[in-house]
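> Mapping the sequence shown onto the UniProt record's numbering, position 27 (from 1) lands on 27, and the numbers just tick up by one. Yeah, the Cβ is synthetic: ideal placement off N, Cα and C, and Gly gets one too. Here it is: the structure, laid out below.
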Amino acid sequence: MLDRVIRLGKDMLASSQKTNVVYKIKCANCEACYIGQTKRHLTVRINEHKSNIKKKESDWLVVSCHRGHDGHEFDWMHVDVLHQEKHLGRREIAEMICIKKHSKSINLQKDTDNLPGIYDQVLANISFSP
């Protein structure tokens with residue numbers, strides 16, 4: 001009983017301070033989005049995405065490619081936390097599922113290559129909001 005009261009009384013962490021998350025960053029100029037996962041504070045990973053464009057083009061990650069080649073910008077202030085999971089393997093599976101279910105994802109196809117085929121039937125029966 002006391003554990004429940006203490007847990008309910010805790011302040012909720014801002015999304016940017018959460019760790020062990022699967023997240024989605026939306027493009028501010030089109031319907032594209034990027035889905036990723038991190039064990040670190042979300043803010044740290046988002047800052048890496050933001051600064052990656054400063055590197056030479058051959059070292060750009062997919063978010064920087066979208067920004068640089070299409071002239072678009074991402075909505076850095078409104079990053080969605082899609083899932084929170086401490087266990088790396090389960091977090092990676094959640095990330096792959098989210099990538100497959102979001103049709104406007106700019107993630108590379110190889111990002112889902114390790115998703116076991118057994119999930120295909122499950123994916124066919126669930127839907128995500130855009």
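Within a Cβ cutoff of 6 Å, which residues of the same chain sit near I99, ignoring the five residues on either side of it in sequence?
So the list reads I35, S105, N107, D111, T112, once near-sequence residues are dropped.
> What residue range does the beta strand (DSSP E) around T43 cover?
Not the beta strand (DSSP E): T43 falls in the alpha helix (DSSP H), residues 42 to 52.
> Since K24 sits in a beta bridge, which residues does DSSP pair it with?
BP columns for K24 point to I35, D80.
> Locate the alpha helix (DSSP H) running through A94, then write down its first and last residues.
From DSSP, the alpha helix (DSSP H) with A94 extends over 88 to 101.
> Restricting to Cα atoms, I'd like to know which of R40, S15, Y119, I46 is closest to W76.
With distances taken between Cα atoms, W76 lies closest to I46.
> Should K18 and L82 be called a contact, given that it needs their Cβ atoms to be closer than 7 Å?
Result no, Cβ atoms of K18 and L82 do not sit closer than 7 Å.
> Quick check: N20 and K39, are their CB atoms within less than 7 Å of each other?
For N20 and K39, yes; Cβs fall inside 7 Å.
> Between the C-alpha atoms of S103 and A28, what's the straight-line distance to the nearest angstrom?
The alpha-carbon atoms of S103 and A28 are separated by roughly 17 Å.
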